[in-house]
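Read through the structure below, which is laid out as structure tokens, and then see the notes.
4 protein chains.
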Amino acid sequence: MLSVGVNGYGTIGKRVADAVVAQPDMELVGVAKTRPNYEAGRAVKNGYPLYAAIEERAEKFDAADIDLAGLVEELVEEADVMVDATPSGIGAENKSLYEEHDTPALYQGGEDADLVDTSFNARANFADAAGADHVRVVSCNTTGLSRLVAPLEEEYGIEKVRATLVRRGGDPAQTDRGPINDILPNPRTIPSHHGPDVQTIFPDLAIDTLGLKVPATLMHTHSINVSLNGDATADEVRELLESQSRTFVIPEHLDIDGAGKLKEFALDAGRPRGDLWENCIWGESISVEGDDLYLFQAIHQESDVVPENVDAIRAVAETADADESIETTNDALGMGL
Amino acid sequence: MLSVGVNGYGTIGKRVADAVVAQPDMELVGVAKTRPNYEAGRAVKNGYPLYAAIEERAEKFDAADIDLAGLVEELVEEADVMVDATPSGIGAENKSLYEEHDTPALYQGGEDADLVDTSFNARANFADAAGADHVRVVSCNTTGLSRLVAPLEEEYGIEKVRATLVRRGGDPAQTDRGPINDILPNPRTIPSHHGPDVQTIFPDLAIDTLGLKVPATLMHTHSINVSLNGDATADEVRELLESQSRTFVIPEHLDIDGAGKLKEFALDAGRPRGDLWENCIWGESISVEGDDLYLFQAIHQESDVVPENVDAIRAVAETADADESIETTNDALGMGL
Amino acid sequence: MLSVGVNGYGTIGKRVADAVVAQPDMELVGVAKTRPNYEAGRAVKNGYPLYAAIEERAEKFDAADIDLAGLVEELVEEADVMVDATPSGIGAENKSLYEEHDTPALYQGGEDADLVDTSFNARANFADAAGADHVRVVSCNTTGLSRLVAPLEEEYGIEKVRATLVRRGGDPAQTDRGPINDILPNPRTIPSHHGPDVQTIFPDLAIDTLGLKVPATLMHTHSINVSLNGDATADEVRELLESQSRTFVIPEHLDIDGAGKLKEFALDAGRPRGDLWENCIWGESISVEGDDLYLFQAIHQESDVVPENVDAIRAVAETADADESIETTNDALGMGL
Amino acid sequence: MLSVGVNGYGTIGKRVADAVVAQPDMELVGVAKTRPNYEAGRAVKNGYPLYAAIEERAEKFDAADIDLAGLVEELVEEADVMVDATPSGIGAENKSLYEEHDTPALYQGGEDADLVDTSFNARANFADAAGADHVRVVSCNTTGLSRLVAPLEEEYGIEKVRATLVRRGGDPAQTDRGPINDILPNPRTIPSHHGPDVQTIFPDLAIDTLGLKVPATLMHTHSINVSLNGDATADEVRELLESQSRTFVIPEHLDIDGAGKLKEFALDAGRPRGDLWENCIWGESISVEGDDLYLFQAIHQESDVVPENVDAIRAVAETADADESIETTNDALGMGL
Ligand SMILES: NC(=O)c1ccc[n+]([C@@H]2O[C@H](COP(=O)([O-])OP(=O)(O)OC[C@H]3O[C@@H](n4cnc5c(N)ncnc54)[C@H](O)[C@@H]3O)[C@@H](O)[C@H]2O)c1
Ligand SMILES: NC(=O)c1ccc[n+]([C@@H]2O[C@H](COP(=O)([O-])OP(=O)(O)OC[C@H]3O[C@@H](n4cnc5c(N)ncnc54)[C@H](O)[C@@H]3O)[C@@H](O)[C@H]2O)c1
Ligand SMILES: NC(=O)c1ccc[n+]([C@@H]2O[C@H](COP(=O)([O-])OP(=O)(O)OC[C@H]3O[C@@H](n4cnc5c(N)ncnc54)[C@H](O)[C@@H]3O)[C@@H](O)[C@H]2O)c1
Ligand SMILES: NC(=O)c1ccc[n+]([C@@H]2O[C@H](COP(=O)([O-])OP(=O)(O)OC[C@H]3O[C@@H](n4cnc5c(N)ncnc54)[C@H](O)[C@@H]3O)[C@@H](O)[C@H]2O)c1
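Structural data, given as structure tokens:
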């Protein structure tokens, strides 16, 4: 059994914790949090040992009648692998903590690529993380792009990717995020940083990305163009994407027009939190015009990186190879819709 | 065992079907639907016998490879009680269908009050539905108001209720609903129809309601004023509301600022679809100024009527009294947060 | 001629500057700004002398090729009256600046009431500002409420006001403001601070206010209840409100359902920036139930305080009484729709 | 003087009417409307002769105390050119009306391309409309794309255009339009109809377009890729676009991040209704990677076709060539920011 600790118990951290608990070969030794909000209460109800991430604030948990198992240092000491899911930039501050205890650590997409030994996507470069001390699971958007690029690159070769990322303004509970009624080129310069981020996984890929931000909270939506090297038909590409375990090609007859119905579909299916771990690709959008492949995909920012974190734990601990790990993760979570 | 059929398998119908399945004393004999969309596929995966609501469209289910158990008439024949959860106005068209088969039927809040023998709220007037043939479970907003009025009326007596209902523009998957960037007095005339609707439950209550519509999908929010007859303190009212089984007084320390965090709280708690069956009342908002009680409550339009439908089934079938039914329903669903 | 300077040239400041220019008895001696954004460029194109509000940042204007007339101190020295329209809290920091130059100053609603000698609403308490050194023009919401309270109090006497303020999340250009998809009780405690703010104008008024924030940018909307002392009919109240110069009773036949159509109406009418200086009250919403008056009004947060600032300048300078000033302001701006 | 009539006095029609009035060589002989809403009242206040578009509803104008000048047939008879700005599909129904009176007519982008002799964009194919009886001014999005394609095609030659159109869900006053909180691939199939629409102006252009719809009302935003035939630098392209009269390259120092600030900029500049007749291209977004040009542009759906309609009137009437007409239109309106 791998002993896993999670530092930072918010949107990503709580999902990773639940996913770890679901694995046959892992044990959650605890989670660390800074403040006693509704998520802290739930961690305790779930029976997850709760550690204070910041010593000075530990008494706030007392005040809220929430029992602590200790301080984050103890959690790091106990864990075989730590998953850091703190806000962007805090992971970097925590690096020395993990190093002091000689505990390998995973970081999230909000951290810089050069903080770590390697960036990670299970489908694309699992093996690169073998035995690494510091690994970054790439962001939700980069994960979504990497899952698409990997099979297309293998099957056809890619001349160039051009992707417009229409990003959600904030997560559903982030009430201080805008915009309320606008479409923001974001960043206003082109190409955006997302392309170089994909290149941390595919160093030789030609990719230009453009980012925007809109008043929606449920999912990002990608408008994708891939100029392929080889000949392809829409049907072949569709079959290829249907054959991948973490891309869900939405069948036309479901009559799903956007993220609202996708999330409802996931909730109806009993998915925890209505999470959509897969890239959700509209079947009818997959088109080939000459060498140009086009498609739309929706990316659930809150959860697509969750199975990737689980796989990265095994990669770092060298307890499984890519295929074994992905299969175990998928089975344990209930991947597939 | 009560045999229950559900006609209209959308937002409300699918939730009522699941809730019926969860009851120890009920059996779901089937659901009827008009079109083979994602919800139809899910019904079949759930093992719910699926009936065609409209004979002419039955072949569309064939085309989508979805097996039908028959036509809605057969479902009505088989059921002890039918729950009609079709869109506003369709319930009225279906009334004769239920009468032909002598099957008592429940309707939803979108139907007119005079379609039925009695309107229904479990906490307030369960007994009125005993043995009735046609019962209307009042709308989400009226249910939310009734649950508040009942204990206050009993405990203090009510001089007058004044409520401003800030309503969500559409449900999360209703992508054709607006407004996008506006606050609409809706209806523009005052008082709105919601007050008279509450009076179908409390005929003698003085209540004036004002309605608005805003660009949000998650929950309605009520700004409530109740002029009480007796003396009350905020603490007493809070205790009273905390003692009710279907009103959830949100504790301050959860740090929940709106419907986004409320839904996340429910999803984290493992609630199916993140449903909030209870009125969600902000604890810190409960205030008394002279005779005037004020508070804010959020109402989950998609689910607060679900336990009420379950209770109404027993009320109509006369298999339990109010307290027994409410307790059974609550236990089976997992009411309480 | 009154020499007027404006410090803080944003949403409010630029409108006040334009309004001052439109007055027959005032001269705009300049505006002060901190940064050379699109508003700064426009000030210069308008021929408004532009002063640097912060000395250290003056060179940024050079870099953007925008000519400065000097530093804010010079502007204060030159002005008979300063209008401070800087962000909340900055006005307080600027107070000593105005005192040093012995220049009376107006502040906006974002400042605390106890910063000033008197809070101000032209219709309600013009005379209180006579000769004052520091006057606060109350916020957009308080201005909207005061214009309603004044005639009702005079005509009928008011027992109590209960108002639910459904507030816009941010102004149209404030892209960093949320919420995106939520309805937030804000503040979560009741009553909100708006009631006490109205009492800075009507010290003896009984008023309880409740605030919410929603994802809309165009206008606030107030759901109003006034318990009147005397007998009233809806028609009488309507006539009373139609007779006021800064309340616009929206006629039914215009078929205006919200702020979007109201703003379009104002833009079609040629109003600068589509500004609605008046309270916009839906005619069909004005209702009387027993002693309770109800109505909906929309308040244009960006502009309703503009005529009030203009009047406050004359009040402070003692160059006109309330009626004269209001008439001059209204004529110069083109009040009335 | 050219006598111009406008049939359909809504978003587009009222703007075209005002623009016609502003032209030195045109006279507005009247506008036709179906219902007496706020726009009808304004037409009369503007002194625009108002005709009933539908005879049976003429009395409704009486009821609203709005004087009619006659029926639409009389207007068509009187006009040298009619501009039809009725909702999509109604223009086609009106075609025979214009033919009966031998009055050449312009239609809007909501009509099918094969309804007319030629589709029209002033910059790209003015001459094609010479003497035509039925001309379609292409839609807001197609107009925006054509203005970009024309100079790039002339200067460099275009290998292929790939454009993702992030479209506003509805206009600001269209309160019944959604989505509220979603990003909708729309249409879900690729390529969208926008590409072929651009080909009604540039028949040989290789162009693939992808459409989405989001909860915003102010402007569309285009994420553009153009594979150029010749060598280009970002600076050259920028200069080229700055030299066009109907493309506004937004300077970085204005610090404009989206449509909200763009509209505020236009309102501050005194533009009627805050209209942005120009393509608004973010300067810092103009980038060249190899042969690929990228940029973001915002398109004001309510107004960018207005100057095109004015030019099309002259084109049809053969009273000016392209350059003369564009210059006259621009001068009369005050093009340029
Ligand atoms: N939410 C998304 O859409 C998303 C998607 C993919 C990746 N990410 C990345 O995941 C990381 C976490 O993001 P999130 O959305 O879960 O954030 P979040 O704010 O939801 O959660 C972060 C949690 O960390 C806690 N925290 C803050 N400071 C801490 C500290 N010093 N020590 C321990 N805990 C601390 C916070 O209290 C909070 O519970 C970021 O790098 C982010 O870029 C986020
Ligand atoms: N959604 C809410 O917020 C809400 C809340 C409380 C009450 N209600 C009421 O519940 C009722 C149902 O609303 P909903 O939101 O679930 O609607 P919905 O549109 O989500 O679901 C209605 C279902 O009925 C089906 N249907 C349509 N015509 C039918 C027919 N002739 N026979 C059988 N099925 C048919 C539709 O295909 C759909 O699956 C309405 O009366 C509504 O007013 C809705
Ligand atoms: N926008 C509204 O809805 C609204 C309505 C009524 C009252 N108010 C009040 O009006 C005041 C101004 O609000 P606003 O919306 O116009 O803000 P704003 O941010 O639009 O404008 C403020 C301006 O002041 C400038 N500024 C910042 N610091 C400064 C300084 N030290 N010296 C001089 N200028 C400085 C900013 O650059 C900006 O141009 C606040 O008190 C606010 O509460 C705002
Ligand atoms: N609004 C946009 O964003 C936009 C942009 C470019 C092109 N267009 C196109 O312009 C055309 C008009 O669109 P709009 O947005 O101005 O619509 P609109 O609904 O704002 O205005 C249409 C007007 O036509 C009137 N009308 C309806 N039926 C009529 C009839 N039979 N005879 C005369 N008038 C009638 C309506 O009352 C309304 O005043 C459509 O083809 C549309 O596709 C619209």
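Protein chains in written order, with the working numbering: chain A, 1306 to 1642; chain S, 1306 to 1642; chain V, 1306 to 1642; chain X, 1306 to 1642.
Ideal placement from N, C-alpha and C gives every residue a C-beta, glycine not left out.
Within the region 1560 to 1636 of chain S, complete alpha helix (DSSP H) segments of at least 4 residues are found at 1564 to 1573 and 1611 to 1622, given in chain order.
Taking Asp-1540(S) as reference, the option from Ile-1591(S), Asp-1502(S), Ser-1528(S) and Gly-1313(S) with the minimal CA-CA separation is Ile-1591(S). Proximity of chain A to Pro-1496(X) at the Cβ level (cut-off 8 Å) is accounted for by Ser-1592, Glu-1594 and Tyr-1599, in chain order. Its Cα nearest to that of Glu-1629(V), the residue Asp-1330(V) stands out among Asp-1330(V), Gly-1449(V) and Thr-1526(V).
The continuous stretches of alpha helix (DSSP H) do not include Tyr-1314(X), and DSSP gives it neither H nor E.
Shown here for Asp-1323(X): same chain residues with a beta carbon closer than 7 Å to its own, the five before and five after excluded, namely Pro-1577 in chain order.
Proximity to Gly-1462(A) across Ala-1617(A), Phe-1507(A) and His-1439(A) peaks at Phe-1507(A), based on C-alpha coordinates. Taking a Cβ-Cβ threshold of 7 Å, the residues of chain A close to Ala-1521(X) are Asn-1486, Asp-1487, Ile-1488, Val-1519 and Pro-1520, in chain order.
Secondary structure at Ser-1401(X): helix, using DSSP grouped into helix, strand and coil. The DSSP-derived three-state label of Phe-1431(S) is helix. In the DSSP annotation of this structure, the continuous segment of the beta strand (DSSP E) that includes Leu-1515(V) starts and ends at 1512 to 1519.
For Arg-1340(X), not one C-beta of chain S is nearer than 7 Å to its own C-beta. The closest CA to that of Val-1593(A), considering only Ser-1608(A), Arg-1543(A) and Gly-1575(A), is found on Arg-1543(A).
Classified as buried, Ala-1564(V) has 16 or more neighbouring CB atoms from the shown chains inside 10 Å of its CB. Where Ala-1357(X) is concerned, there is no enclosing alpha helix (DSSP H), although the beta strand (DSSP E) around it starts and stops at 1355 to 1357. Between Ser-1532(V) and the set Gly-1516(V), Gln-1328(V), Leu-1638(V) and Asp-1596(V), the nearest pair of CA atoms involves Asp-1596(V). Contact with chain X is found for Ala-1369(V), since one of that chain's Cβ atoms lies less than 7 Å from the residue's Cβ.
For His-1527(V), the beta-bridge partners assigned by DSSP are Leu-1470(V) and Gln-1602(V). Cys-1445(S) has its CB no nearer than 6 Å to any heavy atom of ligand 3. Secondary-structure assignment with DSSP links Leu-1642(S) through no beta bridge to anything.
Short note on Val-1610(A): C-beta closer than 6 Å to some heavy atom of ligand 1. Counting other Cβ atoms within 10 Å of its Cβ, Gly-1500(A) reaches 16 or more and is therefore classed as buried. Going by C-alpha positions, Thr-1448(V) is about 9 Å away from Asn-1584(V).
For Ala-1374(A), no alpha helix (DSSP H) run applies, since DSSP gives it neither H nor E.
Within the same chain, Ile-1604, Gln-1606, Asp-1609 and Val-1610 come within 6 Å of Cys-1445(A) by CB-CB distance, once the 5 residues on both sides are set aside. Burial check for Pro-1341(V): the Cβ neighbour count within 10 Å reaches 16 or more, so the residue is buried. Around Gln-1549(A), the same chain offers Pro-1456 as residues with beta carbons nearer than 6 Å, after the five sequence neighbours per side are excluded. The beta carbon of Pro-1477(S) sits no closer than 6 Å to any heavy atom of ligand 4.
Taking C-beta separations shorter than 6 Å and ignoring five residues to either side along the sequence, the partners of Pro-1496(A) in its chain run Asp-1513 and Thr-1514, following chain order. With 16 or more other CB atoms across the displayed protein chains lying within 10 angstroms of its CB, Met-1387(V) is buried.
In the structure shown, His-1498(A) adopts coil according to DSSP, grouped into three states. In this structure, the CA atom of Val-1336(S) is about 14 Å from the CA atom of Glu-1360(S). The C-alpha of Asn-1399(S) lies about 24 Å from the C-alpha of Ala-1427(S). Across the set Val-1615(S), Leu-1598(S) and Glu-1383(S), the C-alpha of Val-1615(S) shows the shortest separation from the C-alpha of Trp-1582(S).
The continuous stretches of alpha helix (DSSP H) do not include Gly-1335(S), which lies in the beta strand (DSSP E) extending over residues 1331 to 1338. Assigned with DSSP and collapsed to three states, Arg-1493(S) falls in coil, not helix or strand.
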